[in-house]
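For reference, the structure discussed in these notes is given below.
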Amino acid sequence: MQFWPAIFLAAAVTAFGASPSGERIDDSVALVSQLQAEEWLRVWQKRLSLEDWKVELRIVRSWELKPDTLGNLRWNSTARTATIRVLDPVDYDLPLAKIPRDIEMTIVHELLHLQLSVLPKDSSKKADEERVVTRIAEALMNLDKERPPAPATLSRIGAEAGQ
Ligand SMILES: [Zn+2]
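Per the working numbering, the very first residue in the sequence shown carries number 499; after that it's consecutive.
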């Protein structure tokens with residue numbers, strides 16, 4: 499059928515545009531590009547006053563992350579460099595429309611871990627930090643988007659390799 503590619507192209511072009519009601523439409527997996535993810539990183543890095551960090555963002559396949567995780571963070575406090583890895587949409591187990599927001603949430607989540615990296619490391623508090631970071635990230639995203647939270651199917655693991 500010859501007309502399908504044209505239809506998909508049209509959907510792709512409008513996917514991050516605004517609908518008449520002003521709602522954002524996130525409906526194409528292919529649209530979470532490196533550029534889009536870096537734009538989310540730039541915006542949230544500024545909002546969280548983390549601009550003195552050089553943060554690299556990488557979209558990675560599932561085998562580059564711990565099993566059942568959506569992202570991770572590695573950082574070097576001395577050099578003030580960090581790398582955030584987020585799961586490639588092709589490996590996501592969520593409805594397509596929910597993936598862009600979830601990736602943005604993972605970026606916020608990992609930046610919050612980076613924010614907390616100034617605190618003394620205490621591996622016995624890892625689960626507590628995870629819970630706090632998850633709640634704050636969801637609150638920030640909800641404030642930003644004024645939309646109900648998207649349930650994540652997997653946990654986000656950060657903060658396992660800082661120094
Ligand atoms: Zn985490």
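Using N, Cα and C, we set each Cβ at its ideal position, and we do this for glycine too. What you are looking at is a predicted structure, and each value in this text was computed from that prediction instead of being measured.
Inter-residue Cα distance where the pair is residue i and residue j
i	j	result
serine 531	leucine 555	11 Å
aspartate 586	glutamate 536	14 Å
lysine 544	aspartate 550	9 Å
histidine 611	glutamate 644	23 Å
isoleucine 582	valine 630	19 Å
aspartate 591	leucine 568	10 Å
serine 547	leucine 539	12 Å
aspartate 524	leucine 617	In this predicted model, aspartate 524 has a pLDDT of only 47, less than 50, meaning its place in the structure is not dependable enough to derive any value.
threonine 632	proline 565	18 Å
Buried/exposed call for residue i, threshold 16 Cβ in 10 Å
i	result
alanine 637	exposed
glutamate 608	buried
leucine 507	Note that leucine 507 has pLDDT 36, beneath the 50 cutoff, so the model's placement of it is unreliable and no number is given.
tryptophan 561	exposed
arginine 559	exposed
proline 598	buried
Bridge partners - residue i, DSSP secondary structure assignment
i	result
threonine 579	Lys552 and Asn574
leucine 585	Val558
Within 7 Å, strictly: CB atoms of residue i and residue j
i	j	result
valine 553	alanine 577	no
isoleucine 557	valine 588	no
valine 606	alanine 625	no
threonine 563	asparagine 570	For the sequence presented, residue 563 should be read as leucine rather than threonine. It is a contact, given that the beta carbons lie within the stated cut-off.
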